[in-house]
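Residues in the sequence shown are numbered from 16 upward in steps of one, following the numbering used here. We treat Cβ as the ideally placed atom computed from N, Cα and C, and that holds for glycine. The structure appears right after this line, and notes come after that.
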Amino acid sequence: MATYTISVIGGDGIGPEVIAEARKALLAVGERCGHAFVFREYLAGGAAIDATGVPLPEDTVRGVKDSQALLFGAIGGPRWENLPHHLKPEAGLLRLRRELDAWANLRPAIVFDELVEASTLKPEVVRGTDILVVRELTGGIYFGTPRGISGEGAERRGFNTEVYSEREVERIVRLACTLARARRRQVCSVDKANVLESSQLWREVATRVAREFPDVRLTHMYVDNAAMQLIRAPRQFDVVVTNNMFGDILSDEASQLTGSIGMLASASIGGPVGFFEPIHGSAPDIAGQGIANPLATIATAALLLRHGLRLEAEAQLVERAIRAVLAEGLRTRDIAQPGCAVVGTREMGDAVAAKIRSLP
Ligand code: IPM
Ligand code: MG
């Protein structure tokens, strides 16, 4: 029996609730497939601030680096919003991405047939959508220097720096092209090359790297147009590769094609330990009520199996289980539709775990 050590950070808000359901799913996979998953819990975000005064304790960094994958819930909330920038929960998350060198963030947005009606967009527009957003995660304006706030009075200035090296663009575009080979072999690189030099470099490098992949079709799109095309005709996209900031924004937009941000998983890879988190936040408004949708986090567990532990069959099992409960009409409130059974976080998690055990 293989043993896998997984670090777990529940975080804040609904984080711990949805993480509990993803753990159930992994345990069910372990039972069925003969793996032992050992979970080690660590603190980050607001929970860590309350307990230790900092959003990312050194103990967490060490523990996570010493595990095989990190399953992460969500961090942040109004209680910690007014702290100085470097002590905010988000600062802990960003530092952890850097510490783990998780430079590639994969965010699949798949519209399940069962949920076409859950999207605010017309069914005929979203049906069949299957997009993989590949977001650069450890560079760009999120980390560029100089950054800060300086000056006095009306001349006070806030500034950040959008910066990319050739090496950073090369590796993310190469990964996007590689992933496209297992899909429909199309990569759309999103930038703002009509205005930004950083995007001009991005486009040049993307074009060069794509020549290594003659079987993959690379196109370029400005980000404003991409934001429009995503909701106008989402099926035109296969793999979308873009920088940290544009990827942040476009992946939230893409989530609405699928009906709910409560459905979107993500994998942050590139470093020695993969970092797996749903794309939704801590949703403090619904925390503690047992109504959050755990499917994004369970789907994240599937990505952990696939990209973190190289257990492809097990990943597919989890994904099939999610589809099966949706096909049976189970819905959390965010994806509720007429005629479907609305269940809470725990019931949804239990139903998926049961399917993992029982699917043929
Ligand atoms: C995300 C989130 C984070 C980001 C925040 C919480 C720092 O929005 O993962 O998309 O901007 O990367
Ligand atoms: Mg975001």
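Leucine 318 and phenylalanine 291 do touch by the CB rule: their CB atoms are close to 6 angstroms apart, below 8 angstroms. Taken from the Cβ of isoleucine 294, at least one heavy atom of the ligand MG lies inside 7 angstroms.
The beta carbon of asparagine 258 sits closer than 6 angstroms to those of Glu151, Gly155, all from its chain and outside the five residues before and after it, given in chain order. The beta carbon of lysine 39 lies closer than 6 angstroms to those of Gly364, Ala368 in the same chain, with the five residues before and after it left out. Taking a C-beta distance under 8 angstroms as the contact criterion, alanine 311 and leucine 279 qualify as a contact pair.
Under DSSP, arginine 122 takes part in a beta bridge, and its partners are Val148. Counting the other CB atoms within 10 Å of its CB gives valine 210 a total below 16, which places it among the exposed residues. Only residues of its own chain outside the window of five on either side were considered, and among them Asp27, Gly28, Gly61, Ser297, Pro299 have a CB closer than 6 angstroms to the CB of glycine 92, listed in chain order. Each residue's CA atom was taken as its position, placing alanine 208 and alanine 242 some 15 angstroms apart.
Going by DSSP, glutamine 201 is part of the beta strand (DSSP E) stretching over 201-206.
At the C-beta level, alanine 191 and valine 202 come within 8 angstroms of one another. Ranked by how close their Cα comes to the Cα of alanine 282, the residues Ile337, Pro123, Arg372 have Pro123 in first place. DSSP, reduced to helix, strand and coil, places threonine 67 within a helical segment of the structure shown.
Counting C-beta atoms within 10 angstroms of its own C-beta, valine 126 has 16 or more neighbours from the protein chains shown and is therefore classed as buried. The residue from Phe252, Ile64, Ala316 with its alpha-carbon nearest to that of leucine 147 is Phe252. A distance below 8 angstroms between beta-carbons, with the five flanking residues on each side excluded, links tryptophan 217 to the following residues of its chain, in chain order: Tyr179, Val184, Ser204, Asp206, Ala208, Asn258. In this chain, the beta strand (DSSP E) harbouring glycine 26 covers 17-26. A check of alpha carbon separations from aspartate 267 across Arg372, Val357, Val149 identifies Val149 as the nearest.
Restricting attention to beta strand (DSSP E) runs no shorter than 3 residues, the stretch 238-294 encloses them at 254-257, 282-284, 289-291, ordered along the chain.
Close CB contacts of tyrosine 19 within its chain, under the 8 angstroms cut and outside five residues either way in sequence, are with His50, Ala51, Phe52, Val53, Gln83, Ala84, Leu324 (chain order).
Residues lining the ligand IPM by the Cβ criterion, that is a Cβ closer than 5 angstroms to any of its heavy atoms, are Glu105, Asp263 in chain order.
If you check the C-beta of aspartate 145 against the ligand MG, you find no heavy atom less than 7 angstroms away.
For aspartate 27, the shortest separation between its Cβ and any heavy atom of the ligand MG does not lie below 7 angstroms. Counting only runs of 4+ residues, the alpha helix (DSSP H) found wholly inside the stretch 285-363 occupies 310-318, 327-342, in chain order. Residue burial annotation: leucine 102 is exposed, with fewer than 16 other C-beta atoms found within 10 angstroms of its C-beta. The shortest CA-to-CA distance from methionine 236 to any of Gln271, Val140, Val254, Glu73 is the one to Val254.
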